[in-house]
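Protein chains: 2
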Amino acid sequence: MAKKPRSDQYNIRVVEKTIRVLRVLSDGRARTLTDISQEVDINTSTTFRLLATLVNQNFLEVDDVTGRYQLGFACLELARSYQTGSELLRVARPQLKKLRDTTKETVHLAALDGIEVVYLEKLEGLHAIGLMSSRVGRRAPAYCTGVGKALLSHIDPEFILENMKWGNLIRFNERTIIDPDELLEHFRETRRRGYALDEGEHEREVRCVAVPIFDQRGEAIAAVSVSGPKSRMDPIDQNEDLIQLTLHTAQEISERLGYRSYMKHKIGEDNEKNH
Amino acid sequence: MAKKPRSDQYNIRVVEKTIRVLRVLSDGRARTLTDISQEVDINTSTTFRLLATLVNQNFLEVDDVTGRYQLGFACLELARSYQTGSELLRVARPQLKKLRDTTKETVHLAALDGIEVVYLEKLEGLHAIGLMSSRVGRRAPAYCTGVGKALLSHIDPEFILENMKWGNLIRFNERTIIDPDELLEHFRETRRRGYALDEGEHEREVRCVAVPIFDQRGEAIAAVSVSGPKSRMDPIDQNEDLIQLTLHTAQEISERLGYRSYMKHKIGEDNEKNH
DNA sequence: GATATAATTTCACATGGTGAAAACTATTTT
DNA sequence: AAAATAGTTTTCACCATGTGAAATTATATC
Chain A
627 MAKKPRSDQY
637 NIRVVEKTIR
647 VLRVLSDGRA
657 RTLTDISQEV
667 DINTSTTFRL
677 LATLVNQNFL
687 EVDDVTGRYQ
697 LGFACLELAR
707 SYQTGSELLR
717 VARPQLKKLR
727 DTTKETVHLA
737 ALDGIEVVYL
747 EKLEGLHAIG
757 LMSSRVGRRA
767 PAYCTGVGKA
777 LLSHIDPEFI
787 LENMKWGNLI
797 RFNERTIIDP
807 DELLEHFRET
817 RRRGYALDEG
827 EHEREVRCVA
837 VPIFDQRGEA
847 IAAVSVSGPK
857 SRMDPIDQNE
867 DLIQLTLHTA
877 QEISERLGYR
887 SYMKHKIGED
897 NEKNH
Chain B
627 MAKKPRSDQY
637 NIRVVEKTIR
647 VLRVLSDGRA
657 RTLTDISQEV
667 DINTSTTFRL
677 LATLVNQNFL
687 EVDDVTGRYQ
697 LGFACLELAR
707 SYQTGSELLR
717 VARPQLKKLR
727 DTTKETVHLA
737 ALDGIEVVYL
747 EKLEGLHAIG
757 LMSSRVGRRA
767 PAYCTGVGKA
777 LLSHIDPEFI
787 LENMKWGNLI
797 RFNERTIIDP
807 DELLEHFRET
817 RRRGYALDEG
827 EHEREVRCVA
837 VPIFDQRGEA
847 IAAVSVSGPK
857 SRMDPIDQNE
867 DLIQLTLHTA
877 QEISERLGYR
887 SYMKHKIGED
897 NEKNH
């Protein structure tokens, strides 16, 4: 989301390495020094020092029995700060809650990172909770999720063509679109009508309406979605009430972020690391 | 929590600086390059490079209008990973839920960092929710909170004497203990009976029972607490049911972490950075 | 107890992080 | 509109400090 206008030329390598270490440990598995050192391809003694620093700062913990490293509670502190500081979240939260309470279905807020989405907020539906696999801070593919498609529809097709690993796209079921042309056409159509639909192409039983949110520069920085079981939501493409409610929520948030509807949307080529 | 057995001698300075930057931005306020550079006392151009790296890695975002920096969504991802990876959380969560559901009151899990506590988990009480100011990832003083006192009671008094900023302890109300001798005596008593009480010494209307959790080495690594309004919980020191339930929950968690009740508790001198 | 494996620590080298200052950009003042 | 001011980005030479090889110590395995 937002722009990453900066090239990598000024990046500090140790910091990149540090983050690589944190990312490796982000799968939740605790690891030994040697394992980590190999996985991130950094010399043991350097890795040792990186780990020592992170442990001292509580970003990592050492299991005192196994000697393995895992993430530490400083991660929680950062996340909380992000959640209270982010203007997007602050503005969006009350609107999302309204949307959840009127639809009674699960509501998501997500941002795009490259060709994946990251969930920024999730409000559980009021029927039976805990059914959906999404979680705040988790990633999901963008090409087959509502929020993902809503956001990709505002990304320069060139960027998508180049960066999507077309060979590796998973066909979750017969509705999943993995063909480049078909997908790009799908994005054009999505963009034209202003909302995206997920008709079960990721999780077969789930339906979802998603709408992008624009900031004051007219850039699609996030998307809202309402998801629920097909039993309650189908046929989703004719579920006008739901579509209107979602559209309205997204517009409300966009406007509170400074977006004006007379503005043209920008096509984002962001997420691009221009070396 | 856990131990920080390592000295600072191997720390990589750039990494420390990076974390300093993240910590400064943890108050939620967005800042300009110059502000940050001054606050962390690092040269502008180095700060610039640190920020650039963090932005490229999504740990920071730049507000495109004001140009100010704030935390980015990568923080969320780390936190989620911590929450799914941590053995303590994995083991504790179902027990905490049981405790919350039987008491119907707010349940916390917290760890000690120096002389502060960090909340690792919070389950809202079932009465009216959202009353307590605590939040996962937030810090609170240890000397006047249930979880804090439960944990400090297992820390070497020497360490407490040296590291508590005695002059600056806030007296939230007339029940708050800020006298060194009195506080240390209070910890001894707390340790003896195995649970801590908060009789309103932080938030006047709140009462709380807290019990430390021990890992397989016999070290107090966290604490559980049940908190609620005095109307429902007083007189807390005679609320045997509540005390027993909390004790039992903590024991259950400790045992699942490998602690055996015949083990002696360790006195932790951890949290000490031995230069 | 011997061997193997992994975690620390040392140390010399040169990478790459650093700050001063210049160039550039945006904003405010005159 | 020009000038001044404040803030950001880029350059560049220096040498602090991050780096990897290797030695040492600790831990695990047989």
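Chains as they are written, first to last, in my numbering: chain A, 627 to 901; chain B, 627 to 901. No residue lacks a Cβ here, since even glycine has one placed at the ideal position from N, Cα and C.
Closer than 7 Å by C-beta to residue i: which residues in its own chain qualify, once you throw out the five before and the five after it? Chain order, please.
i	result
B/ASP863	LEU823
B/GLU831	PRO855 and LYS856
A/VAL650	ILE662, GLU665 and VAL666
B/GLN683	ALA700
A/THR729	VAL852, LEU868 and LEU871
A/LYS723	LEU749
B/ALA628	The predicted position of B/ALA628 is uncertain, since its pLDDT is 41 and thus under 50; no value can be drawn from it.
B/VAL885	Here residue 885 of chain B is Tyr; the residue named in the question, Val, does not match the sequence. PHE840, ASP841, GLN842 and GLY844.
Taking 7 Å as the CB-CB limit, is residue i close to chain A?
i	result
B/VAL744	yes
B/TYR636	yes
B/ASP928	In the structure as shown, chain B starts at 627 and stops at 901, and residue 928 of chain B therefore has no counterpart that could be examined.
B/ALA678	yes
B/THR710	yes
B/GLU881	no
B/GLN721	no
B/GLY774	no
With a CB to CB cut of under 8 Å and the five nearest residues on each side skipped, what residues in its chain are close to residue i?
i	result
A/ASN799	GLY826, GLU827 and ARG830
B/VAL681	GLU687, VAL688, TYR695 and GLY698
A/VAL673	It is Thr, not Val, that sits at residue 673 of chain A in the sequence shown. For A/THR673, where only same-chain residues beyond five positions count, the Cβ hits under 8 Å are VAL647, LEU659, ILE662, SER663 and VAL666.
A/LEU787	PRO806 and LEU810
B/ALA656	ASP689, THR692, ARG694, TYR695 and GLN696
B/ILE645	none
Give me the chain B residues within the contact set of residue i, using Cβ-Cβ distance strictly less than 8 Å, ordered along the chain.
i	result
A/ASP739	ASN684 and PHE699
A/PHE798	In chain order: nothing, as chain B lies at least about 22 Å away.
Keeping to the same chain, check which residues put their C-beta closer than 6 Å to that of residue i; ignore five residues upstream and five downstream.
i	result
A/THR875	GLN721, LEU725 and VAL850
B/VAL744	ALA737 and ARG765
A/PHE813	LEU778 and SER779
B/LEU752	LYS730
A/THR802	CYS770 and GLU827
B/CYS834	GLY772, ASP824, SER851 and SER853
I'd like to know if residue i contacts chain B, where contact means its C-beta is closer than 7 Å to some C-beta of that chain.
i	result
A/LEU704	yes
A/THR644	yes
A/SER707	yes
A/VAL696	Here residue 696 of chain A turns out to be Gln, not Val, going by the sequence shown. Cβ-Cβ to chain B under 7 Å: yes for A/GLN696.
By the criterion of Cβ-Cβ separation under 9 Å, what are the contact partners of residue i in chain A?
i	result
B/PHE674	TYR636
For residue i, verify whether its CB is less than 6 Å away from any heavy atom of the ligand HEM.
i	result
B/SER707	Annotation note on the ligand HEM: not contained in the displayed structure, which lists no ligands.
Residue i touches chain A at which residues, Cβ-Cβ below 8 Å?
i	result
B/VAL640	ILE638, VAL640 and VAL641
(message) With three or more C-beta pairs closer than 8 Å as the rule, is the segment 692-707 of chain B touching the segment 797-811 of chain B?
(response) no
(request) Would you list, in chain order, the members of the segment 823-856 of chain B that have their beta-carbon closer than 9 Å to a beta-carbon of chain A? (result) ASP841, GLN842, ARG843 and GLU845
(message) Which residues of the segment 757-772 of chain B have a Cβ closer than 8 Å to any Cβ of chain A? Give them in chain order.
(response) ARG761, VAL762, GLY763, ARG764 and ARG765
(request) Anything in the segment 645-661 of chain A with a Cβ closer than 8 Å to a Cβ of chain B? List those residues in chain order, please. (result) ILE645, LEU648, LEU651, SER652, ASP653, GLY654, ARG655 and ALA656
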